[in-house]
Amino acid sequence: MSAEQPVPYLPPVHRAFLRATAAAEKEMGFLVAQDVMFEEEYITTLLCSRLVPEVTYVKFSKKQESQVGGDYLWWWVDRGGEAFGCLVQAKVIHRKGRGWKIGFHHETRTGLQMDQLLASSDYFEVPAAYTFYVGDDAYRSTMKCSKRHQVVSCHQRQGAGVTILPALNAQRTVENAKLRATAPPSKLPFLGGFDPIEDVFHHAEPLSRLTAPGLANDDPAFIRYYRMRLGQGMNGLRELLTPGQIGARKVARFMTDKLAQQAAGAFETAVLPDVHVDQTEVGGRVFDTLPGARGHFGRSFFEHVLRGLRTGLPDYVEAALRNPADGVPAQLAEHVDGLVVVYL
Ligand SMILES: [Zn+2]
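The sequence shown maps to residues 3 to 346 in the working numbering.
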């Protein structure tokens with residue numbers, strides 16, 4: 003009898019993410035060893051090219067406004083035809099002195115990059131997210147995190163070199179850090195030590211987890227939070243917020259949980275009216291009534307994230323994939339650097 007452990011079945015698309023993440027981490031480690039800093043655009047292209055053939059991607063010719071070249075529109079589509087879209091901007095987290103840095107405050111000709119990312123996500127009616135590139139194990143070995151960890155520290159997680167986090171989480175963290183920086187000294191003891199990079203990186207999850215089998219957050223705190231927010235006539239949403247989601251809904255749920263986790267920690271007194279969506283404006287939304295809860299994100303976060311869940315891929319995705327050489331709709335090429343379609 004062999005004492006070998008049975009190899010767990012991994013879906014091919016998940017293996018593609020493990021392979022691509024490992025390739026990106028290796029390349030980042032290789033560049034750092036040569037004293038070369040890895041850049042968003044280069045790592046994004048490398049990552050996407052290693053996701054092929056399980057994943058389809060198209061890189062567009064460079065849009066004029068872009069200074070970084072890391073905004074990709076991602077769509078996860080499942081066998082049932084449902085799809086979840088998200089506008090994703092790549093950001094490098096790099097070592098600076100004894101600490102770490104993310105260039106969130108990048109200014110472009112038309113304003114702050116973070117505001118622009120959210121405006122573009124409004125244009126496509128999808129949520130916005132960041133992917134963070136943080137090198138290989140060796141590069142991350144000096145990272146510290148004061149938060150609690152279940153098994154390993156966040157920088158030691160498998161695939162932690164490429165992580166994802168909704169942009170609203172990052173925006174809120176950056177704003178919290180600004181508030182703390184300007185707080186009067188009398189309030190400082192209550193605010194405590196706060197490291198925004200640590201906070202962002204701790205909450206970002208390895209991108210490869212989105213396709214991993216399992217992945218459901220059944221934390222009772224979530225269930226309670228969701229139950230409190232759901233209004234009349236939201237039975238569809240109620241179903242999404244139960245355990246055991248698969249396909250595009252699993253990705254949508256993952257993003258919703260990330261926002262809800264931060265929102266649950268915010269004291270929200272006002273009960274805001276539900277958000278009703280006019281389906282004639284953007285067709286194919288799965289949910290047309292969502293809770294108005296803002297969770298200090300400045301907007302209904304349920305609406306922001308779940309507008310990305312659709313009954314099918316938008317027409318522009320098909321058009322862009324059919325003939326990427328000259329068939330890319332202008333609306334796409336103007337706002338994003340590329341398109342990634344993940345078949346779940
Ligand atoms: Zn951590």
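Cβ atoms here follow ideal geometry from the backbone N, Cα and C, with glycine treated the same way. Since the model is a prediction, treat every value here as computed from it, not as a measurement.
Opening and closing residue of the alpha helix (DSSP H) in which methionine 156 lies: First, the residue type needs correcting, since residue 156 is cysteine and not methionine in the sequence shown. It is not in any alpha helix (DSSP H) - cysteine 156 carries neither H nor E in the DSSP assignment.
Going by C-alpha to C-alpha distance, which of Thr258, Phe19 and Leu209 sits closest to glutamine 91? When only C-alpha atoms are compared, the closest one is Leu209.
Does DSSP put phenylalanine 289 in a helix, a strand or coil? When DSSP states are grouped into helix, strand and coil, phenylalanine 289 belongs to the coil group.
Give me, in chain order, the residues of the same chain whose beta-carbon lies closer than 7 Å to that of glutamine 160; leave out the 5 immediate sequence neighbours on both sides. Once the five neighbours on either side are set aside, the close Cβ partners of glutamine 160 are Pro208.
Counting only runs that start and end within the region 172-256, where is the alpha helix (DSSP H) found for 4 or more residues in a row? Contiguous alpha helix (DSSP H) elements confined to the region 172-256 occur at 190-193, 198-205, 222-231 and 237-242, taking only those with 4 or more residues.
Name the two residues that bound the continuous alpha helix (DSSP H) containing tyrosine 59. Looking at the DSSP string, tyrosine 59 is not in any alpha helix (DSSP H); the run it does join, the beta strand (DSSP E), is 57-61.
Cutoff 8 Å: leucine 75 Cβ touching any chain D Cβ: Among the protein chains of the structure shown there is no chain D, as only one such chain exists.
Nearest-angstrom beta carbon gap, valine 288 and arginine 255 [assumed within contact, 8 Å]: Contact flag wrong, Cβ pair sits at about 12 Å.
Can you tell me the Cα-Cα spacing of valine 319 and alanine 185, whole angstroms? C-alpha separation (whole angstroms): 46 Å.
Taking glutamate 42 and lysine 93 to be in contact with their CB atoms under 8 Å, please state how far apart those CB atoms are, rounded to whole angstroms. Contact between glutamate 42 and lysine 93 holds: their C-beta atoms lie close to 7 Å from each other, under 8 Å.
My understanding is that aspartate 280 touches threonine 291, with C-beta atoms under 8 Å, so please give their C-beta distance in whole angstroms. Their Cβ separation, rounded to whole angstroms, is 11 Å, which puts aspartate 280 and threonine 291 out of contact at 8 Å.
Contact test: cysteine 156 Cβ vs ligand 1 heavy atom, cutoff 7 Å: At least one heavy atom of ligand 1 sits closer than 7 Å to the Cβ of cysteine 156.
Contact test: lysine 260 Cβ vs ligand 1 heavy atom, cutoff 7 Å: Relative to ligand 1, the beta carbon of lysine 260 is positioned no closer than 7 Å to any heavy atom.
Quick one, are the C-beta atoms of proline 129 and histidine 306 less than 8 Å apart? Between proline 129 and histidine 306, the C-beta gap is smaller than 8 Å, which places the two residues in contact.
Please state whether the Cβ-Cβ distance between tyrosine 59 and leucine 341 is less than 8 Å. Taking 8 Å as the cut-off, the Cβ atoms of tyrosine 59 and leucine 341 count as close.
Once the 5 residues before and after arginine 17 are set aside, which same chain residues still bring their CB inside 8 Å of it? Taking arginine 17 as the centre and dropping the five residues before and after it, the same chain places the C-beta of Glu56 closer than 8 Å to its C-beta, in chain order.
Under 7 Å from any heavy atom of ligand 1, does the C-beta of lysine 103 make it? No, the Cβ of lysine 103 stays beyond 7 Å of every heavy atom of ligand 1.
Just grab the DSSP bridge partners of glycine 101 for me. Note: glycine 101 sits in a beta bridge opposite Lys98.
For leucine 170, is the classification buried or exposed, using 16 other Cβ atoms within 10 angstroms of its Cβ as the cut-off for buried? Sixteen is the threshold: when 16 or more other Cβ atoms of the shown chains lie within 10 Å of the Cβ of leucine 170, as they do, the residue is buried.
Given the structure, does histidine 337 come close to ligand 1, in the sense that its CB is under 7 Å from one of the ligand's heavy atoms? Histidine 337 Cβ: outside cutoff for every heavy atom of ligand 1.
Indicate whether the contact test is met: 3 or more Cβ pairs, each with one atom in the region 332-339 and one in the region 137-152, closer than 8 Å. A contact is defined here as three or more CB-CB pairs under 8 Å, and the region 332-339 fails this definition with respect to the region 137-152.
Output needed for tyrosine 227: all residues of its chain with C-beta closer than 8 Å, excluding positions within five of it in sequence on either side, in chain order. Around tyrosine 227: Ala262, Ala265 and Ala266.
State the Cα-Cα distance for the pair proline 191 and alanine 272, rounded to the nearest angstrom. Because proline 191 carries a pLDDT of 49, less than 50, the predicted location of this residue cannot be relied on, and the following value inherits that uncertainty. Cα to Cα, the separation comes out at about 28 Å.
Work out the CA separation of glutamate 6 and histidine 337 for me, nearest whole Å. Distance between the alpha carbons of histidine 337 and glutamate 6 is about 50 Å.
Glutamine 115 in three-state terms, based on DSSP: Glutamine 115 falls in the helix class under three-state DSSP.
Quick one: Cα of glutamine 118 to Cα of tyrosine 132, how far? When only Cα atoms are considered, glutamine 118 and tyrosine 132 end up about 13 Å apart.
Is the beta carbon of valine 154 closer than 8 Å to that of leucine 212? In this structure, valine 154 does not lie closer than 8 Å to leucine 212 by Cβ.
Note the first and the last residue of the continuous beta strand (DSSP E) segment covering tryptophan 134. It is worth fixing the name first, because residue 134 is phenylalanine in this sequence and not tryptophan. That run of the beta strand (DSSP E) goes 130-135.
For the beta strand (DSSP E) that glycine 340 lies in, which residues bound it at each end? For glycine 340, the uninterrupted beta strand (DSSP E) run begins and ends at 340-345, by DSSP.
Confirm the yes/no value for this check: CB of cysteine 88, any heavy atom of ligand 1, distance under 7 Å. The answer is no for cysteine 88.
Kindly indicate the opening and closing residues of the alpha helix (DSSP H) around glutamate 14. It is worth fixing the name first, because residue 14 is proline in this sequence and not glutamate. Segment 14-35, the alpha helix (DSSP H) holding proline 14.
Residue interval of the beta strand (DSSP E) (run including leucine 75): 73-79 is the extent of the beta strand (DSSP E) around leucine 75.
Tell whether a beta-carbon distance below 8 Å holds between threonine 45 and isoleucine 199. The question names threonine, but residue 45 is isoleucine in the sequence shown. Taking the C-beta atoms as reference points, isoleucine 199 is found no nearer than 8 Å to isoleucine 45.
Between histidine 298 and ligand 1, is the CB less than 7 Å from at least one heavy atom? Not so, every heavy atom of ligand 1 lies at least 7 Å from the Cβ.
Mind checking whether phenylalanine 224 and tyrosine 135 have CB atoms under 8 Å apart? Their beta carbons are not under 8 Å apart, which means phenylalanine 224 does not touch tyrosine 135 by this criterion.
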